[in-house]
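2 protein chains.
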Amino acid sequence: MVNYPNGRKSSIAAAQPAAKTAAGGRGMELEKEISMTNDYYLNIDKAVIHKKPTPVTIVKVDYPMRSAAKITEAYFKLPSTTDYNGIYQTKYIDFEAKECRSKTSFPIKSIHPHQIKHLDAVTRHGAIAFVIVRFIAYSETYYVTASLMTDYIRTCGRSSIPYEWFKENGHLIPYSYVKPVDYLVIVDQLYFKETQ
Amino acid sequence: MVNYPNGRKSSIAAAQPAAKTAAGGRGMELEKEISMTNDYYLNIDKAVIHKKPTPVTIVKVDYPMRSAAKITEAYFKLPSTTDYNGIYQTKYIDFEAKECRSKTSFPIKSIHPHQIKHLDAVTRHGAIAFVIVRFIAYSETYYVTASLMTDYIRTCGRSSIPYEWFKENGHLIPYSYVKPVDYLVIVDQLYFKETQ
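Just so you know, the protein sequences line up as chains A and B, in that order. Per this note's numbering, numbering through the first sequence is continuous, rising by one, with the last residue being 196. Per this note's numbering, numbering through the second sequence is continuous, rising by one, with the last residue being 392.
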């Protein structure tokens, strides 16, 4: 069912003293693991949450055989929203996910001002909004409520958020083989405690 | 604020006996008008609803000057979800929009099986899900509750849905200059009657 290779790089990273896995993956490992998790949620009909396609501006398209259009010129666009959204337990879910290579802090510039504005807007309208941050060096993946993070960014006067801040304000997301980034466990704890 | 040209093709289409506007726009007119409407909703902080980027598979990227990456080979992918989603009045909103050039019926093949499955899934999870269908010949834009339409598609044994069916089961979406496809008026009528 799931279209990903069996081996899991970051479990190797957890065994070894880390950091080296970052070079190849460039943020893709977390994305793959979230996709696996979302596929799992979808397959058991627990939630419908998808990654949005990468926004590109298409400039030129060739139609070599009419049926298979080939895009020959396109450019990456800055995202105006977050990467992920969907529905869980009747609630609108919205989040952004980032890998962090630094051992000490998360650079605020990794999140675009548009995305911060978007997270604030959906929060205001009643969304369950959050940010998933993985510290590659520690193989730790944190769930942080969006408003906590955007408040901090607005008031901290810094260019990065210390790792310690995530330990204090975030929630460690559990890993399992079929749900490598099982973030709905945290959503359940924070929003649906009584229904468990 | 809004990045669209001032002239509005389909108002001309409404004055003249229609149909000719279909040739040039090829489904883009409705998309533009929904974007204008979504921008309006966003600017007055009424709702946060966006079109998802067109899904493409990127095969080759050139970095001519390092800063401006140029995609030189990419292909269109079949969409696995609908084009639009977001949040309104704390509710998850999800819809697909289609223009129809026929005067008599809407071809069912315009909606991919994946999208039907997706609309059913989000409905099951409590979404406000619908399909917007514009009959270009009549300059009429209908809101149809997703479950009504997917039920019909599953049981009708036909390859198209008659125009009359939309008149009976759909809701005509009002047009205004700043909100060309003011679909939240229908959402209000169907889901938030008491709060108006």
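Every residue, glycine too, gets a C-beta built ideally from N, C-alpha and C.
**Message:** What would DSSP say about A:Lys51, mapped onto helix, strand or coil?
**Reply:** The residue labelled residue 51 of chain A in the question sits at position 51 within the first sequence. Residue state, collapsed to three classes: strand.
**Message:** Quick check on B:Tyr371: does DSSP put it in helix, strand or coil?
**Reply:** For the purposes of this step, residue 371 of chain B is taken as the residue at position 175 of the second sequence. Here B:Tyr371 sits in coil by DSSP.
**Message:** Using the three-state DSSP reduction, which class does A:Tyr88 fall into: helix, strand or coil?
**Reply:** Mapped onto the first sequence, residue 88 of chain A falls at position 88. DSSP places A:Tyr88 in strand when its eight states are reduced to three.
**Asked** Mind pulling the chain A residues with CB within less than 8 Å of B:Pro251?
**Response** Reading the second sequence from its first residue, position 55 is the one you call residue 251 of chain B. The answer, in chain order, is Pro53.
**Item:** Cβ-Cβ distance between A:Thr141 and A:Val181 below 8 Å
**Value:** Taking the first sequence and counting its residues from 1, the one referred to as residue 141 of chain A is at position 141. Taking the first sequence and counting its residues from 1, the one referred to as residue 181 of chain A is at position 181. For A:Thr141 and A:Val181, yes; Cβs fall inside 8 Å.
**Request:** Go through its chain and collect everything with a Cβ distance to A:Thr82's Cβ below 7 Å, but skip five positions before and after it.
**Result:** Indexing the first sequence from 1 puts residue 82 of chain A at position 82. If we look at A:Thr82 and ignore the five residues flanking it on each side, its Cβ neighbours are Asp94, Phe95, Glu96, Gln115, His118 and Leu119.
**Own chain, CB closer than 6 Å to B:Ser343, minus 5 neighbours either side, in chain order** = Numbered from its first residue, the second sequence carries residue 343 of chain B at position 147. So the qualifying residues of the chain are Thr319.
**Prompt:** Under the rule that 16 or more other beta-carbon atoms within 10 Å means buried, what is A:Tyr29, buried or exposed?
**Reply:** Mapped onto the first sequence, residue 29 of chain A falls at position 29. Position check: residue 29 of chain A holds Glu in this sequence, whereas Tyr was assumed. That one is buried.
**Prompt:** How would you list, in chain order, the residues of chain A whose beta-carbon sits under 7 Å from the beta-carbon of B:Ala270?
**Reply:** Within the second sequence, numbered from 1, the residue matching residue 270 of chain B stands at position 74. Ordered by position in chain A, the residues that pass the 7 Å Cβ test against B:Ala270 are Ile71 and Ala74.
**Message:** Using a Cβ-Cβ cutoff of less than 6 Å, which residues in the same chain neighbour A:Ile87 once the five nearest sequence positions on both sides are dropped?
**Reply:** If you number the first sequence from 1, residue 87 of chain A lands on position 87. Excluding positions up to five away in sequence, the list reads Val48.
**Message:** Can you tell me whether B:Asn239 is buried or exposed? The criterion is at least 16 other CB atoms within 10 Å of its CB, across all chains shown.
**Reply:** On the second sequence, residue 239 of chain B is found 43 positions in, with the first residue counted as 1. It is exposed - the Cβ of B:Asn239 has fewer than 16 other Cβ atoms within 10 Å.
**Prompt:** Would you say the beta carbon of A:Cys156 comes nearer than 7 Å to a heavy atom of the ligand NAP?
**Reply:** Among the ligands in the structure shown, none appear at all, so the ligand NAP cannot be discussed.
**Simplified DSSP state of A:Tyr152, which is helix, strand or coil** = Locating residue 152 of chain A in the first sequence gives position 152, counting from the first residue. A:Tyr152 falls in the helix class under three-state DSSP.
**Message:** By the three-class DSSP mapping on this structure, what secondary structure does A:Thr81 have?
**Reply:** Within the first sequence, numbered from 1, the residue matching residue 81 of chain A stands at position 81. Note: A:Thr81 maps to coil in three-state DSSP.
**Request:** Return no unless some Cβ of chain B is closer than 8 Å to the Cβ of A:Ala97.
**Result:** By one-based count along the first sequence, residue 97 of chain A stands at place 97. Chain B, which has no Cβ nearer than 8 Å to the Cβ of A:Ala97, makes this no.
**Prompt:** Looking at the C-beta of B:Ile283, does it have a partner C-beta in chain A at a distance below 8 Å?
**Reply:** As a first step, residue 283 of chain B is located in the second sequence; it is residue number 87 there, counting from the start. Answer yes: the Cβ-Cβ gap between B:Ile283 and chain A drops below 8 Å somewhere.
**Item:** Same chain only: Cβ atoms within 6 Å of B:His367, ignoring 5 sequence neighbours per side
**Value:** Locating residue 367 of chain B in the second sequence gives position 171, where the first residue counts as 1. Here the set comprises Tyr339 and Ile382.
**Request:** Report all residues from its chain with a CB closer than 6 Å to the CB of A:Lys103; omit the five preceding and five following residues, and keep chain order.
**Result:** For the purposes of this step, residue 103 of chain A is taken as residue 103 along the first sequence, with counting starting at 1. For A:Lys103, where only same-chain residues beyond five positions count, the Cβ hits under 6 Å are Ala137.
**Message:** Which residues of the segment 311-323 of chain B have a Cβ closer than 9 Å to any Cβ of chain A? Give them in chain order.
**Reply:** His314, Ala317, Val318, Arg320, His321, Gly322 and Ala323
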